[in-house]
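Comments concern the structure below.
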Amino acid sequence: QVHLVESGGGLVQPGGSLRLSCAASGSIFSFRAMAWYRQAPGKERELVATITSGGNTNYVDSVKGRFTISRDNAKNTVYLQMNNLKPEDTAVYYCYAEVSHYSDSWGQGIQVTVSS
């Protein structure tokens, strides 16, 4: 079982920045992909960004140009740099790991609130 622990959330003003971190208990080098999801109150969980083992990235349209997903294999950590944050980015953010074809793992979630 892979354990994922998110950190870096909090309260930020509109236009501000935050960097989320997701530390994994296993070697992310071997994972098929990692991703960040988010869930706002009353809404379904949404895929925000993904990064594959080969380093390919993909983003939901609403965050393109503002968010950047990256990975540090040596630290077994995935990051989500969030710039120019908007109130609609307010949500609980979850780290996800597709470890293999038949195994995945979720973090516990971390709150991000964008408000003045």
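Here this note's numbering is used: position 98 in the sequence shown is 483, and no number is missing along the way. For each residue, glycine too, the CB sits at the ideal point set by N, CA and C. None of the values given here were measured: they were computed from a predicted structure.
Helix, strand or coil at residue i according to DSSP, with G and I counted as helix
i, result
"Q493", "coil"
"G394", "coil"
"S500", "coil"
"Y506", "This structure cannot settle anything about residue 506, because the visible part of the chain is limited to 386 through 501."
Distance CB(residue i)-CB(residue j) smaller than 8 Å
i, j, result
"V463", "I413", "yes"
"A476", "V448", "no"
"V433", "R417", "no"
Inter-residue spacing [alpha-carbon to alpha-carbon] between residue i and residue j
i, j, result
"D489", "S500", "33 Å"
"T453", "S410", "22 Å"
"A425", "D457", "28 Å"
"S438", "A459", "13 Å"
"M419", "E391", "13 Å"
Own chain, CB closer than 6 Å to residue i, minus 5 neighbours either side, in chain order
i, result
"N443", "T435"
"S455", "Y464"
"E429", "none"
"G394", "I495, Q496 and V497"
"D474", "V499"
Close-in-space but distant-in-sequence residues of the same chain around residue i (CB under 7 Å, 5 per side omitted)
i, result
"V387", "A409, S410, G411, A482, V484 and S490"
"N469", "G400 and R451"
Neighbourhood of residue i by C-beta distance below 8 Å, restricted to the same chain and skipping five residues each side
i, result
"P506", "Residue 506 is absent from the structure shown; the chain starts at 386 and stops at 501."
"R404", "G393, Y464, L465, Q466 and M467"
"V445", "E431, L432, V433 and A434"
Within-8 Å CB hit, residue i to chain D
i, result
"F414", "The displayed structure is made up of one protein chain only, and chain D is not part of it."
Return the chain-ordered ranges of every beta strand (DSSP E) run that is complete within the region 397 to 478 and spans a minimum of 3 residues.
403 to 409, 418 to 424, 431 to 437, 442 to 444, 452 to 457 and 462 to 467
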